[in-house]
Amino acid sequence: MYPDNTHDVPVQRALEVHQPTPYPPAVAAPAPVVPMQPGRVPAVASIVLPDGRVVTGYAIDAARPESVAVKPAVSRAAVNVALGGVGFLAVCGGLLLLTSFIAALTAFITQLIILAAVIFGGWIAVQLFSASGHQGGAGTTVKIRKAVIKRSNFRG
0 MYPDNTHDVP
10 VQRALEVHQP
20 TPYPPAVAAP
30 APVVPMQPGR
40 VPAVASIVLP
50 DGRVVTGYAI
60 DAARPESVAV
70 KPAVSRAAVN
80 VALGGVGFLA
90 VCGGLLLLTS
100 FIAALTAFIT
110 QLIILAAVIF
120 GGWIAVQLFS
130 ASGHQGGAGT
140 TVKIRKAVIK
150 RSNFRG
């Protein structure tokens with residue numbers, strides 16, 4: 000297959016060397032600044048380690064937990080529901096009084112109408128009956144003739 004027999008001869012290639020890429024050194028985050036009152040110098044503390052070394056530094060106050068807001072004994076939702084119930088009862092009482100007032104007003108107006116009808120009817124009756132009495136019985140005379148109706152013929 001290979002006429003020149005190059006398949007048996009190892010091919011020498013140039014040696015490639017890969018060097019690892021160094022990462023840049025990590026930049027340390029700056030130390031947190033502790034707020035201090037002006038004119039107050041923090042105390043310096045020294046600690047002796049078991050192997051005899053002495054470490055000196057500023058004392059840092061321990062972190063205090065944040066104060067938790069005091070929860071009320073009754074939730075706001077319960078208070079809102081209770082106030083809504085009181086308002087609803089007040090409205091219902093007012094509506095009950097309003098309907099009672101409307102019913103009483105209707106009855107009063109009805110009685111006024113009946114009273115006016117009785118008084119006006121009595122006045123009309125007095126006018127009718129007194130008109131014939133003042134003239135000595137010679138009031139208006141209406142003559143009514145007898146009419147006879149036979150089948151479709153009217154004769155008067």
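In numbering that gives the first Met the number 0, the protein residues as written are 0 to 155. Every residue, glycine too, gets a C-beta built ideally from N, C-alpha and C.
Whole-angstrom distance between residue j and residue i, CA atom to CA atom
i: Thr109; j: Leu88; result: 32 Å
i: Val73; j: Leu104; result: 45 Å
i: Lys70; j: Asn79; result: 16 Å
i: Val117; j: Val85; result: 48 Å
i: Leu97; j: Ala115; result: 27 Å
i: Gln126; j: Phe119; result: 11 Å
i: Pro49; j: Pro64; result: 32 Å
i: Gly121; j: Val90; result: 46 Å
i: Thr20; j: Thr55; result: 38 Å
i: Ser66; j: Ala77; result: 25 Å
i: Arg12; j: Gln18; result: 19 Å
i: Ile113; j: Gly92; result: 32 Å
i: Ala102; j: Ala68; result: 55 Å
i: Phe107; j: Ser129; result: 32 Å
i: Ser228; j: Ile123; result: Look at the range of the chain in this structure, 0 to 155, and you will see that residue 228 is not part of it.
i: Gly51; j: Glu15; result: 52 Å
i: Gly83; j: Leu111; result: 42 Å
i: Ala81; j: Arg75; result: 10 Å
Own chain, CB closer than 6 Å to residue i, minus 5 neighbours either side, in chain order
i: Val47; result: Val53
i: Pro23; result: none
i: Ser45; result: Val53 and Thr55
Residues sharing a beta bridge with residue i, DSSP
i: Tyr57; result: Val43
Spatial neighbours of residue i in its chain, beta-carbon cut-off 8 Å, leaving aside the 5 residues before and after
i: Val43; result: Thr55, Gly56, Tyr57 and Ala58
Heavy atom of the ligand MN within 7 Å of residue i beta-carbon
i: Gly83; result: The model on display carries no ligand, and the ligand MN is accordingly not part of it.
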